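Residue numbering for the sequence shown follows UniProt numbering, starting at 1 and increasing by one per position. Beta carbons are placed, not taken as given, at the ideal position from N, Cα and C, and that holds for glycine. Only a predicted model underlies this, so the values are computations on that prediction, with no experimental measurement involved.
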Amino acid sequence: QMWEEAIALGKELAEQYENEMFDYEQLSELLRKQAQFYENIVKVIRPKPDYFAVGYYGQGFPTFIRNKVFIYRGKEYERREDFEARLLTQFPNAEKMKTTSPPGDDIKNSSGQYIQCFTVKPKLDLPSKFHRPVSEQIVSFYRVNEVQRFEYSRPVRKGEKNPDNEFANMWIERTIYVTAYKLPGILRWFEVKSVFMVEISPLENAIETMQLTNDKINNMVQQHLNDPNLPINPLSMLLNGIVDPAVMGGFANYEKAFFTEKYIHEHPEDHDKIEKLKDLIAWQIPFLAEGIRIHGEKVTEALRPFHERMEACFRQLRDKVEKQYGVRAVPSSLDDRRGSRPRSMVRSFTMPSSSRPLSVASVSSISSDSTPSRPGSDGFVLEPLLPKKMHSRSQDKLDKDDLDKDKKEKKKEKRNSKHQEIFDKDFKSTDISLQQSEAVILSETISPLRPQRPKSQVINVMSSERRFSVSPSPPSSQVTPPPITPRTKLSFSIQSNLELNGMSSSDIPDVPPPLPLKGSMADYGNLMESQDLISPTTSPPAHQRVSP
1 QMWEEAIALG KELAEQYENE MFDYEQLSEL LRKQAQFYEN IVKVIRPKPD YFAVGYYGQG
61 FPTFIRNKVF IYRGKEYERR EDFEARLLTQ FPNAEKMKTT SPPGDDIKNS SGQYIQCFTV
121 KPKLDLPSKF HRPVSEQIVS FYRVNEVQRF EYSRPVRKGE KNPDNEFANM WIERTIYVTA
181 YKLPGILRWF EVKSVFMVEI SPLENAIETM QLTNDKINNM VQQHLNDPNL PINPLSMLLN
241 GIVDPAVMGG FANYEKAFFT EKYIHEHPED HDKIEKLKDL IAWQIPFLAE GIRIHGEKVT
301 EALRPFHERM EACFRQLRDK VEKQYGVRAV PSSLDDRRGS RPRSMVRSFT MPSSSRPLSV
361 ASVSSISSDS TPSRPGSDGF VLEPLLPKKM HSRSQDKLDK DDLDKDKKEK KKEKRNSKHQ
421 EIFDKDFKST DISLQQSEAV ILSETISPLR PQRPKSQVIN VMSSERRFSV SPSPPSSQVT
481 PPPITPRTKL SFSIQSNLEL NGMSSSDIPD VPPPLPLKGS MADYGNLMES QDLISPTTSP
541 PAHQRVSP
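Structure follows, in structure tokens:
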């Protein structure tokens with residue numbers, strides 16, 4: 001499912017197909033695959049594997065892994081316990097270490113085997129092409145792929161212990177691991193080439209935690225705006241854990257720890273950081289408001305009391321924050337997503353052109369070539385099938401910023417499918433009648449404004465067509481004449497051969513040239529062996545006489 005890598009390789013192949021090999025068939029197939037990959041990136045939710053730091057300590061290990069640390073990429077949905085069990089099967093005599101701190105020299109120089117394993121968090125390293133904010137569905141790939149820096153955070157308490165607020169003296173000891181190559185690569189594990197450690201103060205930890213919380217709310221809101229079919233339970237848990245003070249306490253603990261006069265007086269250098277933390281708290285309110293609005297639209301009747309309690313808690317929280325830290329407007333990115341979602345995520349409100357019902361104007365234009373476009377002449381009326389009200393509603397929905405279209409999508413698609421079935425049934429029957437009427441028109445109908453041809457010209461045309469259309473064959477004893485329309489009535493006599501050439505008996509010259517007699521009905525080129533056997537003035541026998 002690493003479609004981003006497949007697209008990069010596909011672009012290289014496309015360059016070869018287009019400019020070197022000129023294989024446009026392969027190029028078209030490749031571009032179709034790339035289009036599917038782009039669609040998968042936006043619509044398909046991919047699992048995020050965990051990364052584990054594994055240290056092999058002791059002289060009992062092979063030299064290429066002895067006293068070294070490696071970063072492993074776990075399988076999909078693989079927990080740390082499962083990964084450790086899989087790892088220990090390769091080294092059944094190894095002992096698992098229970099601490100995450102680096103071991104001493106006594107363990108490294110011992111003759112045994114000690115394995116240390118713990119989960120690390122990959123550090124996001126976005127490519128330079130993402131110079132503006134993009135969808136979380138696109139960025140999520142780079143959170144667990146093409147990563148080379150990993151971090152492990154361990155809480156450390158310094159100073160006096162405060163039983164009322166544990167955030168006041170909680171420092172974070174963060175270890176950064178840098179691998180030799182980016183993961184995943186040709187292997188699912190690479191050696192750690194450098195390790196360094198940084199300490200994060202309690203205030204910096206609070207700023208980082210608030211930033212991550214705001215990003216999490218914003219990302220979940222975007223996901224629900226993009227896909228209205230997502231389950232509501234994760235959103236409920238996230239919002240309730242923030243707005244309900246009885247659950248986690250929210251940012252009230254930060255206010256008690258860092259916004260007091262005592263802390264500000266003792267740490268004047270943290271003034272800018274305190275202002276940043278206040279700004280993040282104020283920005284959390286519009287994110288929560290958007291999430292609760294979506295939750296209210298999707299909540300079921302069984303969870304309605306839960307939602308009403310959450311709304312009441314949020315109103316109290318909003319009044320308090322806006323009074324102390326100011327009012328923040330909803331970010332423009334959220335407004336844009338509410339108004340017009342990404343085109344790839346919007347479901348089509350119109351049917352494809354191949355299956356879309358034709359309008360009355362287009363149907364009449366089709367039938368105007370063969371039948372008069374008189375309204376209701378063939379009973380072909382589309383207004384009952386596709387009401388104008390429905391067209392205007394769907395058009396208004398596309399133009400409005402109305403989020404109710406997500407709820408009514410399925411009903412609308414069902415109505416379209418029903419209309420389509422009725423239309424297909426009626427259109428097929430009407431199409432058959434149109435074809436039949438065309439056949440009748442071509443064979444019988446002649447415009448009354450057009451003068452009819454003389455009978456002799458009609459006979460000449462018909463006889464010439466027969467000459468070119470029938471293959472030569474030897475004379476048969478019985479010839480089946482072609483079908484004759486009822487309007488043309490012909491009678492033949494002995495002089496009919498002359499009339500076929502456009503001459504009447506009065507136009508015959510004194511000494512007419514002898515006409516070659518047909519040996520068959522194909523053409524006049526097949527002459528008989530002897531023209532003297534049959535006189536030109538005598539008519540052929542009755543069984544050889546051929547009507548045009």
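Beta bridge counterpart(s) of residue i as assigned by DSSP
i, result
"Gly-55", "Val-69 and Gln-116"
"Ser-28", "DSSP output for Ser-28 lists no bridge partner at all."
"Ile-176", "Glu-151 and Phe-196"
"Glu-95", "Tyr-114"
"Trp-171", "Val-156"
"Pro-286", "Paired residues: none, contrary to the question."
"Lys-121", "Glu-151"
"Trp-3", "None, per the DSSP bridge assignment."
"Leu-183", "Val-147"
"Glu-255", "Answer by DSSP bridge pairing: none, since Glu-255 is not bridged."
"Phe-190", "Ile-71"
Residue i: first and last residue of the uninterrupted beta strand (DSSP E) it sits in
i, result
"Pro-155", "147-157"
Buried versus exposed, by CB contacts within 10 Å (16 or more), residue i
i, result
"Met-197", "exposed"
"Thr-179", "buried"
"Pro-47", "exposed"
"Met-2", "exposed"
"Leu-183", "buried"
"Tyr-181", "exposed"
"Leu-317", "buried"
"Met-220", "buried"
"Asn-145", "buried"
"Ile-446", "Bear in mind that a pLDDT of 49 at Ile-446, under 50, signals an unreliable position, so the number given afterwards is only what the model happens to contain. Classification for Ile-446: exposed."
"Lys-129", "exposed"
"Val-156", "exposed"
"Val-470", "Any reading at Val-470 needs caution, since the residue's pLDDT is 43, under 50, leaving its predicted position unreliable; the model's value is listed next. Exposed."
"Asp-215", "exposed"
"Met-21", "exposed"
"Asn-93", "exposed"
"Tyr-17", "buried"
"Leu-126", "exposed"
"Ala-35", "exposed"
"Asn-229", "exposed"
"Asn-226", "buried"
"Glu-210", "Glu is not the amino acid found at residue 210; the sequence shown has Met there. Counting Cβ neighbours within 10 Å, Met-210 comes out buried, since at least 16 surround it."
Proximity test, residue i beta-carbon vs the ligand GTP heavy atom, cut-off 7 Å
i, result
"Gln-90", "For the structure depicted, the ligand GTP is absent and the ligand set is empty, with no information on it obtainable."
Closest residue to residue i among the options (Cα-Cα distance)
i, options, result
"Val-243", "Ile-217, Pro-268 and Glu-266", "Ile-217"
"Ala-257", "Lys-276, Glu-173, Ala-282 and Asn-162", "Asn-162"
"Gly-185", "Tyr-72, Glu-311, Tyr-17 and Gln-26", "Tyr-72"
"Ser-201", "Trp-189, Tyr-254, Gln-324 and Gly-241", "Tyr-254"
"Leu-124", "Val-327, Tyr-114, Gln-116 and Ile-138", "Ile-138"
"Tyr-56", "Val-44, Phe-70 and Leu-303", "Phe-70"
"Ile-281", "Phe-64, Phe-259, Glu-269 and Asp-270", "Phe-259"
"Asn-109", "Glu-301, Thr-99 and Asn-67", "Asn-67"
"Lys-193", "Tyr-177, Ile-45 and Glu-208", "Tyr-177"
"Pro-62", "Ala-35, Lys-323, Lys-43 and Gly-112", "Gly-112"
"Ala-53", "Thr-213, Asp-272, Leu-235 and Gln-116", "Gln-116"
"Lys-298", "Pro-234, His-131, Gln-284 and Ala-329", "Pro-234"
"Ile-45", "Ile-274, Gln-284, Gln-223 and Asn-240", "Gln-223"
"Pro-286", "His-267, Leu-239 and Glu-269", "Leu-239"
"Lys-323", "Phe-64, Lys-278 and Thr-209", "Lys-278"
"Asp-272", "Leu-288, Glu-308, Asp-23 and Leu-203", "Leu-203"
"Glu-39", "Glu-160, Ile-7, Gln-26 and Gly-74", "Ile-7"
"Glu-199", "Lys-158, Ile-107 and Met-210", "Lys-158"
"Gly-60", "Gln-284, Asp-23, Glu-95 and Val-321", "Glu-95"
N- and C-terminal bounds of the alpha helix (DSSP H) containing residue i
i, result
"Val-327", "Premise fails: Val-327 is in no alpha helix (DSSP H) and is neither H nor E."
"Gln-90", "No alpha helix (DSSP H) contains Gln-90, which DSSP labels as neither H nor E."
"Ile-242", "233-243"
"Pro-202", "202-226"
"Tyr-263", "261-266"
"Asp-270", "Segment: none, Asp-270 is in no alpha helix (DSSP H) and carries neither H nor E."
"Lys-108", "105-108"
Min CB distance residue i to chain C below 8 Å
i, result
"Ala-8", "Within the model displayed, chain C is absent; a lone protein chain is all it includes."
**Request:** Evaluate contact between the stretch 150-157 and the stretch 118-132, counting only Cβ atoms and requiring at least three cross-stretch pairs below 8 Å.
**Result:** yes
**Prompt:** Any chance the stretch 76-91 sits against the stretch 125-135, with 3 or more Cβ pairs inside 8 Å?
**Reply:** no
**Request:** For the stretch 304-315 and the stretch 287-295, state whether three or more C-beta atom pairs, one from each stretch, are separated by less than 8 Å.
**Result:** yes
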